[in-house]
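Structure first, then comments.
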Amino acid sequence: MSRTADVLVVGGGVTGLCTALHLKDQGVRDVLVLERHIIGSGQSGRAAGVIRGTVRHATVSATQLEGQGFYRSFEERFGIPVDVHHVGYMLVATSGERAHVEATVEVARRTGCDLRLIGRDEAAEVQPGLAIDEDGVYAHEPGGVYVDPMPATHAIYLAARASGVMIEQGCEVGDIRVRDGRVIGVTTADGEFEAPNVLIATSVWGKPQLARLGIDVPVRPHIAQMAFFHAPAGSADRLRTIMFDSRAGLYMRPEGEAQMFVGRRESSFYREDGPPVDPDNYRQTAEFDAVERMHGQLSLSLPFMREGFVHRTYACTYDVTPDDMPILESAEGIEGLYYAVGFSGSGFSAAPWIGKRMAAFIAEGRKPADFGIFNLGRFAQGELISWSNTPVVRT
Numbered sequence: 003m004s005r006t007a008d009v010l011v012v013g014g015g016v017t018g019l020c021t022a023l024h025l026k027d028q029g030v031r032d033v034l035v036l037e038r039h040i041i042g043s044g045q046s047g048r049a050a051g052v053i054r055g056t057v058r059h060a061t062v063s064a065t066q067l068e069g070q071g072f073y074r075s076f077e078e079r080f081g082i083p084v085d086v087h088h089v090g091y092m093l094v095a096t097s098g099e100r101a102h103v104e105a106t107v108e109v110a111r112r113t114g115c116d117l118r119l120i121g122r123d124e125a126a127e128v129q130p131g132l133a134i135d136e137d138g139v140y141a142h143e144p145g146g147v148y149v150d151p152m153p154a155t156h157a158i159y160l161a162a163r164a165s166g167v168m169i170e171q172g173c174e175v176g177d178i179r180v181r182d183g184r185v186i187g188v189t190t191a192d193g194e195f196e197a198p199n200v201l202i203a204t205s206v207w208g209k210p211q212l213a214r215l216g217i218d219v220p221v222r223p224h225i226a227q228m229a230f231f232h233a234p235a236g237s238a239d240r241l242r243t244i245m246f247d248s249r250a251g252l253y254m255r256p257e258g259e260a261q262m263f264v265g266r267r268e269s270s271f272y273r274e275d276g277p278p279v280d281p282d283n284y285r286q287t288a289e290f291d292a293v294e295r296m297h298g299q300l301s302l303s304l305p306f307m308r309e310g311f312v313h314r315t316y317a318c319t320y321d322v323t324p325d326d327m328p329i330l331e332s333a334e335g336i337e338g339l340y341y342a343v344g345f346s347g348s349g350f351s352a353a354p355w356i357g358k359r360m361a362a363f364i365a366e367g368r369k370p371a372d373f374g375i376f377n378l379g380r381f382a383q384g385e386l387i388s389w390s391n392t393p394v395v396r397t
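Read in order, the letters of the sequence shown correspond to residues 3 to 397 in the working numbering.
Next comes the structure, spelled out in structure tokens:
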């Protein structure tokens, strides 16, 4: 394999692969991706795979809508099948959160999302068995979809490789090489690779890589916990749609014939003073207390799940920023160095949008107009991105 490239991407997750794929669209000749393990082995393969335009921020909503279109048209464009599950998305909230939800509907609709408020009866039709509150608030996006993240990531890998992207797995990057104020390549256990442009897209591992270059990003690791629950034995009750229920603090989507993927609203569990997290050495399954709490909260949302049971659990390391939004930047003082980190658990759904614009940024040398809000300086300037559909309650 060539040890030189026009652009070298560090990280073979969905963000790195989407950027590499779009770099070929930009006409970049030699694009090389280095992945320390197997493709998608970090956060990408453990994502929920949910893609919905229901977001209370126009740019963030647009990232999701572009992601929906990317996967819907993937087979037609690349000839590689991706199973896209068109089950819709429903937001369930309390009466006290009505203003937030109404703002979400207004913003998302302006962005082009088919989202509207619905009444109790229609909510019960969208999800039979849902606990209905007399004064509850419900919003429905029929176009919400989900994909299985690992097959989808592998499909992007195949498309990138077919387009001419060079991809090396099992190749861990050590240092980013810099000379006279510009990047010149990277070092690995297999030797040096040369490139005038390097993108760091390594999730939580990006922080120490950048720190060695004197770049401090406000990214910290957080262990997210998820579970697959199985419907009660002998019951016909099922989760029919993707859903976030603020009453339970849970998001969920169908899985197969009788299961559902369930995750917590992780921002409610962030701890600034929590124990240190080693992303290379942490428990790979959810803790008992977390699963027990999830089951109880799930039963509040879907009472038929009181008799449901846990099928399996897992955990994942998020790369969290103060506003749960990514940092998409070029390195000040180091020409040719770019980074995309801090996705806080939302990187999978936004990756097609981000990859397209990051590729343009690298190839053309200037930030796309709608890219600027994800700058590093927003944290020091107090310009955090406000996007949550309902207020976050710390637990």
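Think of the CB as a built atom: it goes at the ideal place given N, C-alpha and C, for glycine as much as any other residue.
Please state if the CB of residue j and the CB of residue i are separated by a distance shorter than 7 Å.
i: residue 257; j: residue 290; result: no
i: residue 94; j: residue 243; result: no
i: residue 223; j: residue 281; result: yes
i: residue 87; j: residue 147; result: yes
i: residue 293; j: residue 315; result: yes
i: residue 14; j: residue 37; result: yes
i: residue 196; j: residue 6; result: yes
i: residue 80; j: residue 161; result: yes
i: residue 394; j: residue 323; result: no
i: residue 144; j: residue 123; result: no
i: residue 327; j: residue 387; result: yes
i: residue 392; j: residue 59; result: no
i: residue 22; j: residue 11; result: yes
i: residue 213; j: residue 268; result: no
i: residue 308; j: residue 301; result: yes
i: residue 333; j: residue 217; result: yes
Among the candidates the options, whose CA atom is the shortest distance from the CA of residue i?
i: residue 366; options: 390, 340, 350, 346; result: 340
i: residue 91; options: 234, 333, 142; result: 142
i: residue 98; options: 249, 318, 183, 309; result: 249
i: residue 270; options: 346, 310, 47; result: 346
i: residue 120; options: 114, 104, 36, 87; result: 104
i: residue 57; options: 118, 80, 37, 38; result: 118
i: residue 378; options: 344, 364, 353; result: 344
i: residue 265; options: 240, 297, 237; result: 297
i: residue 261; options: 251, 241, 253; result: 241
i: residue 329; options: 204, 81, 308; result: 204
i: residue 27; options: 388, 369, 359; result: 359
i: residue 2; options: 107, 84, 25; result: Since the first residue of the chain shown is 3 and the last is 397, residue 2 is not available in this structure.
i: residue 8; options: 361, 305, 325; result: 361
i: residue 134; options: 232, 60, 376, 306; result: 306
i: residue 351; options: 22, 62, 188, 259; result: 62
i: residue 177; options: 159, 156, 158, 209; result: 209
i: residue 96; options: 246, 48, 384; result: 246
i: residue 235; options: 189, 284, 274, 311; result: 311
i: residue 384; options: 217, 185, 325; result: 325
i: residue 238; options: 131, 206, 288, 380; result: 131
i: residue 228; options: 252, 188, 272; result: 252
Just curious, the alpha helix (DSSP H) that residue i is in, first and last residue?
i: residue 303; result: 290-303
i: residue 159; result: 151-164
i: residue 254; result: That residue, residue 254, is in no alpha helix (DSSP H); its beta strand (DSSP E) goes 252-257.
i: residue 109; result: 100-113
i: residue 77; result: 76-80
i: residue 27; result: 16-27
i: residue 371; result: Note, residue 371: premise wrong, no alpha helix (DSSP H); not H, not E.
i: residue 213; result: 208-213
Starting from residue i, trace the beta strand (DSSP E) both ways and give me its first and last residue.
i: residue 318; result: 311-322
i: residue 332; result: 329-332
i: residue 93; result: 91-95
i: residue 412; result: Residue 412 lies beyond the residue range present for the chain, which begins at 3 and ends at 397; the question has no answer from this structure.
i: residue 118; result: 118-120
i: residue 1; result: It is not possible to answer for residue 1, since the shown part of the chain is limited to 3 through 397.
i: residue 37; result: 33-37
i: residue 170; result: 168-171
i: residue 12; result: 9-12
Look up residue i in the DSSP assignment and give the residues it is bridged to.
i: residue 245; result: 92, 254
i: residue 223; result: 321
i: residue 184; result: 181, 337
i: residue 363; result: BP columns for residue 363 are empty, so no partner.
i: residue 228; result: 265, 316
i: residue 193; result: 190
i: residue 238; result: Residue 238 pairs with nothing; no bridge assigned.
i: residue 59; result: In the DSSP output, where bridge partners are listed per residue, residue 59 has none listed.
i: residue 6; result: 196
i: residue 134; result: Per DSSP, none; premise fails for residue 134.
i: residue 284; result: DSSP lists no partner for residue 284.
i: residue 148; result: 52, 87
Okay, do the region 29-47 and the region 151-161 touch, 3+ Cβ pairs below 8 Å being the bar? yes
Counting Cβ pairs, one atom from each stretch, are 3 or more of them under 8 Å apart for the region 159-167 and the region 29-40? Yes: the two stretches touch, three or more of their Cβ pairs being nearer than 8 Å.
Within 8 Å, do at least three Cβ pairs link the region 196-212 to the region 331-345? yes
Would you check if the region 319-327 and the region 174-188 touch, i.e. whether three or more CB-CB distances between them fall below 8 Å? no
Can we say the region 121-141 touches the region 62-81, given the rule of at least three CB pairs closer than 8 Å? no
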